[in-house]
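Numbering (this note's numbering), first residue to last: 191 to 734. Notes to accompany the following structure.
Here it is in structure tokens:
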């Protein structure tokens, strides 16, 4: 037990460190986390560790928390602009992606049998969180309409995919769980309705408790909400319903829009901050354990697994996802071809697919033990390997290239990060000045003043820290351009000296001189542009 607890601590510490590295180098953070899990498996014992950890259980609570946080942060005003697209992509789109991916995979690889549809369903949800982190740190803001589509789609398609995996496609693979199609359809629809009702009930109860209890309990109540909603939903599994994921999503949406369910406005900042930290921590654990769980020797001993995983990823990325997006958005005449291409490509796979894969495999392992069918356990090992390969392909291929594609397609907004941060900092300062005035005039007590003052000062500190980072990046860029220009000048001086000493012929000297002079002029222009962009740097620098 002591060793296991030590390993759990190691997982969390290593995960946090790797996530920081990913942020520094503008990588989708799941990539180093999964690699870290693979390395951890080679360094530490595996016997009984995953059984003790309970990867299937962690995957469920991680999925619930991620979906709840997505619902809690959803902007309904912006969602209205693309509500039809989001609704279609998150429902029919998920089903279409699952069926298209499963059908094409089955046609290309008949040996997969019906497991092809299960794999397609696992890989159908998107995870824009990692993608948005890369876009934001890289200074590539996409259009608000596209952002709202990807954000809204992620909330509901994760929950829809969870219902599809467990209710529809898992019984196709485990024949002992097979049901008539009309029963499956009823279970699916009942799961959707139950998810909505349970989410509403949980949000109302938790909202009431938050408004009645002290502020110290806000974080505790918020953190337990996704577990409560998901857990209550999954109690209906005895009837064949699986509304847990959707219940967590609706609980987040209703808490974020508490006025619509008859409650006063809730402390959104504290709730979102708490859930964000919890969600990120669970994502770190899931991705590291995914890498830890993967049997690399098994993949290397079966080259077909690697080839099949890459092929399935290609089918999902280049066939299933684009076909689904173009079909579901065909009605939207205001959506351009370039925007459809971007939404298709931005369907990066992440924590939802990793969690659903772990949940599906845990169900297969349970069926292997319950029904005495070893094939299910072997199939689970194969699915784990295939999902791992497909996830890595998606994260590397889509996660790293999407920022460049967004700029190439022209689907970015003309926004200046400095201006945004400066405006946010000034607004927060004005709020702080107002708070000081209220306290000075005796309109608020010292306890409330100190608490709100600390929150505003923390906001300003975080903004100025981000400004410092951007300033340092711009300064480093200017320095790099200056040094590159000077290096070209030194090269040119060397060629001139060699030419004057008759060590270079006229043609070679003229060619090198022309090339270097063009490069020097280009670097000069680039530096001038960088200096223009830095126009407001002094104003942007943090005030001592």
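Glycine is no exception: its CB is placed at the ideal position from the N, C-alpha and C atoms. Keep in mind it's a predicted model, so treat the numbers as computed, not measured.
Inter-residue CB distance, residue i and residue j (contact presumed, cutoff 8 Å)
i, j, result
"residue 345", "residue 451", "Residue 345 to residue 451, Cβ: 17 Å. No contact."
"residue 574", "residue 483", "6 Å"
"residue 585", "residue 218", "5 Å"
"residue 255", "residue 465", "7 Å"
"residue 517", "residue 286", "6 Å"
"residue 583", "residue 503", "4 Å"
"residue 679", "residue 650", "Incorrect: roughly 43 Å between the Cβ atoms, too far for contact."
"residue 401", "residue 454", "6 Å"
"residue 515", "residue 534", "4 Å"
Residue burial classification, residue i (beta-carbon count within 10 angstroms, cutoff 16)
i, result
"residue 633", "exposed"
"residue 715", "exposed"
"residue 215", "exposed"
"residue 733", "Residue placement at residue 733 cannot be trusted, given a pLDDT of 43 that sits under 50; what the coordinates show is reported in the next sentence. By the 10 Å Cβ count, residue 733 comes out exposed."
"residue 708", "exposed"
"residue 206", "exposed"
"residue 420", "buried"
"residue 212", "buried"
"residue 192", "Interpretation of residue 192 is limited by its pLDDT of 47, a score under 50 that renders its predicted location unreliable; the figure taken from the coordinates is listed afterwards. Looking at its Cβ environment, which holds fewer than 16 other Cβ atoms inside 10 Å, residue 192 is exposed."
"residue 719", "exposed"
"residue 696", "exposed"
"residue 641", "exposed"
"residue 305", "buried"
"residue 474", "buried"
"residue 597", "exposed"
"residue 415", "buried"
"residue 423", "buried"
"residue 692", "exposed"
Beta-carbon spacing of residue i, residue j below 7 Å
i, j, result
"residue 389", "residue 351", "no"
"residue 510", "residue 375", "no"
"residue 601", "residue 332", "yes"
"residue 308", "residue 359", "yes"
"residue 569", "residue 355", "no"
"residue 558", "residue 566", "yes"
"residue 399", "residue 418", "no"
"residue 713", "residue 675", "yes"
"residue 223", "residue 478", "yes"
"residue 157", "residue 552", "It is not possible to answer for residue 157, since the shown part of the chain is limited to 191 through 734."
"residue 249", "residue 548", "yes"
"residue 622", "residue 638", "no"
"residue 311", "residue 302", "no"
"residue 444", "residue 393", "yes"
"residue 496", "residue 489", "yes"
"residue 614", "residue 653", "yes"
"residue 384", "residue 340", "no"
"residue 262", "residue 442", "yes"
"residue 208", "residue 227", "no"
Selection from the options that minimises the alpha carbon distance to residue i
i, options, result
"residue 338", "353, 280, 229", "280"
"residue 524", "335, 508, 549", "335"
"residue 382", "432, 312, 398, 233", "432"
"residue 274", "211, 231, 303, 343", "343"
"residue 590", "539, 287, 626, 384", "539"
"residue 688", "699, 678, 202", "699"
"residue 609", "592, 512, 660", "660"
"residue 468", "252, 208, 229, 554", "252"
"residue 581", "611, 537, 624", "537"
"residue 717", "305, 434, 680, 665", "665"
"residue 233", "481, 662, 521, 624", "481"
"residue 541", "627, 221, 534", "221"
"residue 266", "391, 447, 631", "447"
"residue 347", "313, 522, 373, 391", "313"
"residue 413", "372, 458, 371", "458"
"residue 611", "656, 486, 626", "656"
DSSP three-state assignment for residue i, whether helix, strand or coil
i, result
"residue 263", "coil"
"residue 332", "strand"
"residue 718", "helix"
"residue 303", "coil"
"residue 727", "Low per-residue confidence applies at residue 727: pLDDT is 46, beneath 50, and the placement is therefore not dependable enough to give any value."
"residue 281", "coil"
"residue 403", "coil"
"residue 602", "strand"
"residue 664", "helix"
"residue 446", "helix"
"residue 364", "coil"
"residue 701", "helix"
"residue 676", "helix"
"residue 616", "helix"
"residue 193", "Any reading at residue 193 is ruled out, since the residue's pLDDT is 47, under 50, leaving its predicted position unreliable."
"residue 203", "helix"
Min CB distance residue i to chain D below 7 Å
i, result
"residue 538", "Absent from the structure is chain D; it holds one protein chain and no more."
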